[in-house]
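Protein chains in written order, with my numbering: chain A, 2 to 243; chain B, 2 to 243; chain C, 2 to 243; chain D, 2 to 243; chain E, 2 to 243; chain F, 2 to 243; chain G, 2 to 243. Heads up, the thing below is written out as structure tokens.
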Amino acid sequence: MQSNDQRAYDRGVTVFSPDGRLYQVEYAREAVKRGSPVVGVTADDAVVFAAHGRPRSPLMEPASIEKVHDVDGRLGMASAGHVADARRLVDYGRQFAQRERLRYGEPPAVEPVAKAVADRIQESTQTGGTRPFGAALLVGGVVESEPRLYEIDPSGTPTEWRATAVGEGSEAIRSHLEAEYAAESDGGAGVSLALSALDEGTDDGLRAREIDVAVLDEGGYEALSRDRRATALEDADLSSAS
Amino acid sequence: MQSNDQRAYDRGVTVFSPDGRLYQVEYAREAVKRGSPVVGVTADDAVVFAAHGRPRSPLMEPASIEKVHDVDGRLGMASAGHVADARRLVDYGRQFAQRERLRYGEPPAVEPVAKAVADRIQESTQTGGTRPFGAALLVGGVVESEPRLYEIDPSGTPTEWRATAVGEGSEAIRSHLEAEYAAESDGGAGVSLALSALDEGTDDGLRAREIDVAVLDEGGYEALSRDRRATALEDADLSSAS
Amino acid sequence: MQSNDQRAYDRGVTVFSPDGRLYQVEYAREAVKRGSPVVGVTADDAVVFAAHGRPRSPLMEPASIEKVHDVDGRLGMASAGHVADARRLVDYGRQFAQRERLRYGEPPAVEPVAKAVADRIQESTQTGGTRPFGAALLVGGVVESEPRLYEIDPSGTPTEWRATAVGEGSEAIRSHLEAEYAAESDGGAGVSLALSALDEGTDDGLRAREIDVAVLDEGGYEALSRDRRATALEDADLSSAS
Amino acid sequence: MQSNDQRAYDRGVTVFSPDGRLYQVEYAREAVKRGSPVVGVTADDAVVFAAHGRPRSPLMEPASIEKVHDVDGRLGMASAGHVADARRLVDYGRQFAQRERLRYGEPPAVEPVAKAVADRIQESTQTGGTRPFGAALLVGGVVESEPRLYEIDPSGTPTEWRATAVGEGSEAIRSHLEAEYAAESDGGAGVSLALSALDEGTDDGLRAREIDVAVLDEGGYEALSRDRRATALEDADLSSAS
Amino acid sequence: MQSNDQRAYDRGVTVFSPDGRLYQVEYAREAVKRGSPVVGVTADDAVVFAAHGRPRSPLMEPASIEKVHDVDGRLGMASAGHVADARRLVDYGRQFAQRERLRYGEPPAVEPVAKAVADRIQESTQTGGTRPFGAALLVGGVVESEPRLYEIDPSGTPTEWRATAVGEGSEAIRSHLEAEYAAESDGGAGVSLALSALDEGTDDGLRAREIDVAVLDEGGYEALSRDRRATALEDADLSSAS
Amino acid sequence: MQSNDQRAYDRGVTVFSPDGRLYQVEYAREAVKRGSPVVGVTADDAVVFAAHGRPRSPLMEPASIEKVHDVDGRLGMASAGHVADARRLVDYGRQFAQRERLRYGEPPAVEPVAKAVADRIQESTQTGGTRPFGAALLVGGVVESEPRLYEIDPSGTPTEWRATAVGEGSEAIRSHLEAEYAAESDGGAGVSLALSALDEGTDDGLRAREIDVAVLDEGGYEALSRDRRATALEDADLSSAS
Amino acid sequence: MQSNDQRAYDRGVTVFSPDGRLYQVEYAREAVKRGSPVVGVTADDAVVFAAHGRPRSPLMEPASIEKVHDVDGRLGMASAGHVADARRLVDYGRQFAQRERLRYGEPPAVEPVAKAVADRIQESTQTGGTRPFGAALLVGGVVESEPRLYEIDPSGTPTEWRATAVGEGSEAIRSHLEAEYAAESDGGAGVSLALSALDEGTDDGLRAREIDVAVLDEGGYEALSRDRRATALEDADLSSAS
């Protein structure tokens, strides 16, 4: 399916292909596409994360799948792709936030955290002896009344969005966001938009127990309880079986 | 049996395949599947581990096969797969628990131990000069009256379960657990469930001398004596030949 | 398309081909050619940077694509190619400028910053365990009334220009610059030249929201607001749809 | 004799085969099988080691072949396989015992020594830049009236035995041990059993000058003199030519 | 064009070919031959460097091509080949001169600088993890009334010359030097000789704006202004179009 | 001559072959077999070393071929194989002896020196980034009236001998030693035996100028002068042409 | 010309071939054979070095070819082969001599310097990440009235000679030395012998400007001036064209 020419360049991360591509980074993007999707939406005064993850078994605690992460009580991160890789990057973000808080006496804003994590990822794509991280991240929060949302891809490039998604079906989800996103809306509308978008990337409907929703506003990070997730699904006119 | 395309990506752990997979991690999962099974079950006030291991000879001390491990008197770990690798990870967990206890004056809960070990495993899958660990682990215990049970796979992903199994026949065992698990049950019922599940993954019946059973409750870690194991097999309606 | 002979030398950056070429550096130049273009123009008392970047989605903040960078309030950098790589080099330039300022009590001029970044790039082409940076940079500013503009390519060679461009379509852009460049002109004329040149490298016209423009003069670094960018497009007789 | 598929995975120790095996460790087991055999037997109050090694020449000092080693006057180790590798591991065990004695004021028991050596071996199977050790070890001694005997294989897995053997013909020797082992017996009976078992793994009879025998009891480590070895062979009804 | 036998030895710098050659060093010499030429000439009381470099565009500052370098006000270096590599070596020479001056209270002579740079280059041809430098250098100056001129090739061998050239067309240039060199001549004659020799290696004539000329005498390093370069071309009977 | 299967395992020292062999160590043994032979013989109160080495030219100082080495005035070492490798090992032995003397106030016995050198050799066979030593060594001396003689092979295994030989023709020499060795004999008889054995491994007779002989007794290390070597050859009924 | 079997072993210096050879060292010897020859001769009270080197151009300073080196005013070194490699080894010898002088208050004799350099070379043949040195060296001087002359080959083996040669034609030169060497002769006769031998290895006669001659006696190191070299050629009945 791939030619001999391509194969020659895709096994060493420290190597460009003749047309200037880094195949290992592109393969890491494939790992992201295999992961269950996460959505981020900015509202007037909040950033909303919504993630979907189906437990392998009814005996697995869905909460432990860890798709949306509280960074430091004010900022959140969501991830798609290789779960273990994502956990390392979230930890890195947490440590960065903690160090900054100690150094400057106040917690960092969204952008510095996103860029620090992006730098860490870029390094993994250039230095020998390591592979890229097989995960994409969303980083968001409300700092000084300003909701900010960043996406970081496996090349280590941070970009800012009003609403976006990564992971399986992210193209369909993003089309939905582009069609439905309204500039001025409150957090509740943001949750509804995030969930209806997430639903676009899922084949058989969302269930309260299989989704993670977090709202970040001036008050900080709040993960929605299962009851509130069920209500939110109803508010978004999405059938909630569980 | 495998194509040329696959072979090109499966020998270096620091390399993604074009479809975003890490073959070395998947092969480490095969090492887990070749290991004798362990089961973990949460009860109301306890976590139960049960493991099966047939000694190579009647002269081998079955206790030395080491499938269920006392971490620090309160937490336990059970492992399947490459035994020597699992020992290193259990040691790592013990050292982590000891360091935390020294640093904070109290022992760590189940989750931090599980995540520290998971981080160590993830590192082995990304950094050059090492292979992944060929072992999967269960980590459990009762902290502040709450029974917690984690599974860690060779990618370094921790997930929380009410009951689960790793190793040979783990799919059959888990099906049994899914069918039989009852939310509110005491430690004794947990032992019975763990043993009957373990029996599903075994071809020719369990013998008291070939199994390890440990119960973790508020009182701490307790490995069942051979007599109590024999009784427990009877309680679970499993014929105990030895 | 490429011969066996070439392929033998293009996979290890630390290796010369028999005709004395470094293929990995040449492939990094291809990564630059795939990036959206940036233009730098010196005027009598200013240096102007203009960049073009089309957001992947209307929901992406165009400002976050980061093509023109404020180094230290006096100097600017613009980049084309692999975005994550360029970010690392811009950070390196910022850190160098900061260190110099601390060491000597005054900020560095344009040339030392350009050469420090060039050295960093050269190192990546000679030392093992790393790949070259897939980015080209422009560095400029007005120091002691003298506008200076440097280009740094992926081999780590710095060259000084009165006006130049890197990235996709840079040859067409440079031809335009060579034809239209006038030695004595003010900053406004510089902006018009930069934009009309940039337009040469673009298929379907420039839009105010998709371009970055920065003017560096004795007063320091100033990024043009979207309104001023729109006006500048009009001044340059370029249709501004957005 | 081996397929292409196998060959692809057996040359780098840091690599799993698709079925989860570590070929380099399995080849190290072959090095063990090529070494002359050693036997370990626990008695009521003693552990007995017996080893067989035929000198290459009548001018070689048989004692220097070094199959049974005094670790610290209380514990012993016996080895089969690559002699130079085994020596390093025995040294490692001695240093560990010495360090523990200095740290805790008393010498370590059998189990910690066996596990420390096992850890050292496991490391050699996972970390790059080294090969596994081509040796298997027995570690034994009587600590607090309890005779303990461990076997450590080239994967770094320690297991406890009442009686076992490693090296050439170890399967035949172990069968003999399984058939003849009696739980309650004194050190003399242990020596007889060890020698008759060793004889099973040898084609042309044991000679006092070609065997090593050591008895470890509460009194410590004692290597049997050649006269006592001759007597022991007679006691075990084994013809002693030398 | 090259045989299989050769190809086997030319990709790793740390490897000799069966006939005792270092192919990577020979390929670095090819990189030198691809670079525009530089000439060095000793006169009675001066050393003259002349270099030729055609800017890629009329907008490029020819001075920034950097072919002749002021080391420390007294010594000069000229380079041909891979520009970024040459810059690193010139920097190395400058740092060496500065360190020597600090250590001994006086600046180093020509020979120690040439040998220090040569050592740095030799190292790059023997130690793993790096490639040779793709540049050749001339180092010269007048120390204690003695004009000295060294050439350093990519193997790291320094040789002293009365007049020499490196880079494209250096063989034709050197033939001219051998025919025309006169032992006793002043700096002006040296400049004329250097320019007429440089002209031999150029297809379409020298232009004042495309050449670099530096004269080193007891007074130190002096780069000729464009006017003086134009005059010098006339003095050497070379048509000066620009 | 060798099969494809073998070739796959003989190029990396850190790799076992499927039958548990280390080919690089076996090839190092071939380097030993290509070296001129050395003999070691223990007598009642002495150890004798005799070596044969034919100078490449009558202008070479035979003494500089260095086959028998004075370690510290009491112990001696003799070597066969790759001369430069042997020198490093002899130096290592000397340094070890010196360190021990400084640490314990008295010089080390024969066995510790032999084992320290053996450890150094074993390390070279297991750790990456180095090849084995292509030399075998004899180490001997009289400590507390006890003559001791060790042989160390390229695997790093030390063995004790009453008399032995390494290098070209060592099998024939050892056969001679086995046939002629007498347990109780003085140093003079030891010299005669060593020389007659050495003569077995040589095609065209021994000459005083081409042999090295050293006697180690309680008085320490003594290299025999050429006159005494000639007399010794006569005493041993070996024609001495020079 | 070489078989596949050979090729498999000659590219990694840390690898023995199946017959115990180190091909990279043998190829380094080829580099020596490609270098212009140097001769060393001991006389009663002096050591003489003579070297031949034809400058590539009449404009090259023959003295800078550097074949005979003053180590510390008392000892000398001469080299053949890869010039840049030889320079590093001569520097190493100089640094060693200086360190010894500082440490012991007196300069080292010939043998320790020769052995230190030999050790450095051996290391380059065993440790990974480097290639052997492509140079052979002569080291000589008169210490305590004793003239000493050592040759060091690319394997790192030092041997002592009364007279020897390395480099192109060294076999013919050595034959001449063997035929003509007279044990008791003064320095002048030594110079004549060295020159007539050198002439054997040269096709078209020696010229004073193309040779280096140094005499080392109790008075120290003395390089002969061109006039004295011309006289010496006449004394040796060798036509001196220049």
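Note that beta-carbon positions come from the ideal geometry of N, C-alpha and C, so glycine has one too. Just so we're clear, the structure is a prediction, and the values are computed from it rather than from any experiment.
Length of the line joining the Cα atoms of residue i and residue j
{"i": "A110/F", "j": "P19/D", "result": "51 Å"}
{"i": "G74/A", "j": "E201/A", "result": "30 Å"}
{"i": "Q127/G", "j": "D86/G", "result": "17 Å"}
{"i": "P56/A", "j": "F50/C", "result": "51 Å"}
{"i": "A137/C", "j": "D154/C", "result": "5 Å"}
{"i": "L98/E", "j": "G36/G", "result": "Reading off the sequence shown, one finds Ala at residue 98/E, where the question assumed Leu. Answer to the nearest angstrom: the Cα atoms are 32 Å apart."}
{"i": "E27/F", "j": "V16/G", "result": "12 Å"}
{"i": "E223/G", "j": "R95/G", "result": "17 Å"}
{"i": "V140/B", "j": "A81/B", "result": "12 Å"}
{"i": "R230/G", "j": "E185/E", "result": "25 Å"}
{"i": "A79/A", "j": "V72/A", "result": "10 Å"}
{"i": "S171/D", "j": "G21/F", "result": "16 Å"}
{"i": "E235/F", "j": "R210/F", "result": "14 Å"}
{"i": "V168/B", "j": "D204/B", "result": "The sequence shown places Gly at residue 168/B, rather than the Val named in the question. The straight-line gap from Cα to Cα measures roughly 14 Å."}
{"i": "R104/A", "j": "D120/A", "result": "19 Å"}
Nearest-angstrom beta carbon gap, residue j and residue i [assumed within contact, 8 Å]
{"i": "G77/C", "j": "L199/C", "result": "At roughly 16 Å, the Cβ-Cβ gap does not stay under 8 Å, so G77/C and L199/C are not in contact."}
{"i": "E161/D", "j": "E62/B", "result": "4 Å"}
{"i": "A52/D", "j": "V39/D", "result": "4 Å"}
{"i": "L194/F", "j": "L239/F", "result": "Incorrect: roughly 12 Å between the Cβ atoms, too far for contact."}
{"i": "V84/B", "j": "E67/B", "result": "7 Å"}
{"i": "A237/B", "j": "L196/B", "result": "4 Å"}
Own chain partners of residue i with C-beta closer than 7 Å, once the 5 adjacent residues on each side are dropped
{"i": "V1/C", "result": "Look at the range of chain C in this structure, 2 to 243, and you will see that residue 1/C is not part of it."}
{"i": "A47/C", "result": "V143, P148, G188, G191, V216, L217, D218"}
Sequence-distant residues of the same chain with beta carbon closer than 6 Å to residue i, five excluded per side
{"i": "G189/E", "result": "none"}
{"i": "I122/D", "result": "F134, G157"}
{"i": "L225/F", "result": "V214"}
{"i": "L150/C", "result": "G41, T43, V48, G141, W162"}
Contact test: residue i Cβ vs the ligand SAH heavy atom, cutoff 6 Å
{"i": "R163/D", "result": "No copy of the ligand SAH occurs in the structure displayed, which carries no ligand at all."}
Quiz item: Do the region 98 to 114 of chain F and the region 175 to 182 of chain F make contact, defined as three or more Cβ pairs closer than 8 Å?
Solution: no
Quiz prompt | chain A contacts made by the region 141 to 171 of chain B, where a contact means CB separation under 8 Å | solution = Y151, S156, G157, T158, P159, T160, E161, W162, R163, A164, T165
Quiz prompt | chain E contacts made by the region 180 to 196 of chain C, where a contact means CB separation under 8 Å | solution = Y182
Quiz item: When Cβ atoms are compared, which residues of the region 80 to 114 of chain C fall closer than 9 Å to chain A?
Solution: G82, H83, V84, A85, D86, R88, R89, D92
Practice problem: Scan the region 40 to 62 of chain F for residues whose Cβ lies nearer than 9 Å to a Cβ of chain G and list them as they occur along the chain. | Solution: P56, R57, S58, P59, L60, M61, E62
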